[in-house]
Structure formats: C-alpha cells, structure tokens
Amino acid sequence: MDGQRFNLPPVSMIMLGVRDLEKSLSFYRDRLGIDVRQRIPGFAFLDSGALTIVLSEPLAKNVSPLAGATEVIFSVNDVRASYEALKDQGVEFSQAPRNVSGPMWAANFRDPDGTEKTWHLAFST
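So in the numbering used here, the last one in the sequence shown is 125, and the numbering has no gaps at all.
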C-alpha cells in the first residue's frame with residue numbers, strides 16, 4: 001500500500017446468529033420497532049440507521065456455542081421512558097434502568113436466543 005496506513009471504514013453491519021429467524025424477526029420488528037430492509041432465506045437485514053443488523057440462522061448453526069460477549073447499545077434520550085415503553089410492548093428486561101457511570105444510565109434486555117446477546121438502552125447527559 002505504498003507505505004500508507006490502511007484504515008477500516010466505519011462498521012456498516014453487525015451479524016447476529018439466531019436459532020429461529022421467524023421468532024427473532026418478530027422480536028426485533030414487532031417489539032423493538034426496527035424495520036426490515038430485506039429478507040433472503042436464512043437472513044433478515046434490519047434497518048437501524050447507519051448500521052444494518054443482520055439476523056442469520058446459518059451463523060447460529062455453524063457456531064457452537066454462540067458467542068457470549070456481544071453488546072449492542074441503542075442510544076436513547078430517556079432510559080426510563082424507553083424502558084417503560086418497551087416493557088409495555090412485551091420486552092423482558094434483565095436489568096432495570098440504573099446509573100452505570102457518571103451521567104450514563106442503562107437498562108438491559110435479551111433477545112429470543114437468551115443470554116447470548118445483551119442489548120442496552122443507554123443515555124449520557
């Protein structure tokens with residue numbers, strides 16, 4: 001590369017292995033309100049703004065056990081209000097809103113695959 005340092009571009013997709021695509025798709029689309037951009041057999045591409053979330057059955061089937069150290073953070077304006085709204089939509093939280101550091105607050109919930117992926121609602125004042 002002629003001595004120039006190569007820098008990766010911003011992340012554009014995160015692929016998550018899911019055991020049951022239909023169950024997971026219902027969770028992300030119907031409970032979390034994330035739009036489906038595209039579907040092909042075994043995969044669903046979800047529109048979450050600048051980043052596409054890809055749900056993949058083949059990934060879950062080819063990796064055993066599923067990775068356990070994945071966290072995806074949704075930045076929200078009000079963690080408590082978002083927590084209540086999602087609870088009303090049937091999302092089950094593993095941790096209620098709490099202060100994690102200084103002005104940072106978070107609340108955790110799991111997707112239909114259970115403990116493999118922990119999602120955060122986070123807010124920083």
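Yeah, the Cβ is synthetic: ideal placement off N, Cα and C, and Gly gets one too. Quick caveat, the model's predicted, so the values are computed rather than measured.
Within 7 Å, strictly: CB atoms of residue i and residue j
i   : j    : result
S56 : F43  : yes
L46 : I34  : yes
I40 : I14  : no
V79 : W105 : yes
Same chain, Cβ closer than 7 Å to residue i, neighbours up to 5 away in sequence not counted
i   : result
L21 : G42, A44, L55 and E57
S48 : I34
F27 : D111 and P112
Q95 : A107 and N108
Beta-carbon contacts of residue i that lie in its chain and below 6 Å, excluding the five residues immediately before and after
i    : result
G114 : none
P9   : none
C-alpha gap between residue i and residue j, whole angstroms
i    : j   : result
K131 : V11 : Outside the shown range of the chain (1 to 125) lies residue 131, about which nothing can therefore be said.
E116 : G17 : Here the model assigns E116 a pLDDT of 44, short of 50, so the residue's position is not dependable, and the following value carries that caveat. If I take the Cα positions, the gap works out to 9 Å.
R37  : R5  : 34 Å
S82  : L25 : 20 Å
R98  : G3  : 47 Å
L32  : N7  : 33 Å
L59  : R19 : 9 Å
Counted within 10 angstroms of its Cβ, other Cβ atoms place residue i as buried (16 or more) or exposed
i    : result
A107 : buried
D30  : exposed
Contact set for residue i: own chain, Cβ-Cβ below 8 Å, skip 5 residues either direction
i   : result
K23 : P112
Problem set entry | Ordered list of alpha helix (DSSP H) runs contained in the region 90–115, each at least 4 residues | none
Exercise. Quick one: complete alpha helix (DSSP H) runs, 4+ long, within the region 29–68?
Worked result: Within the region 29–68, the complete alpha helix (DSSP H) segments at least 4 residues long are 57–62, listed from N- to C-terminus.
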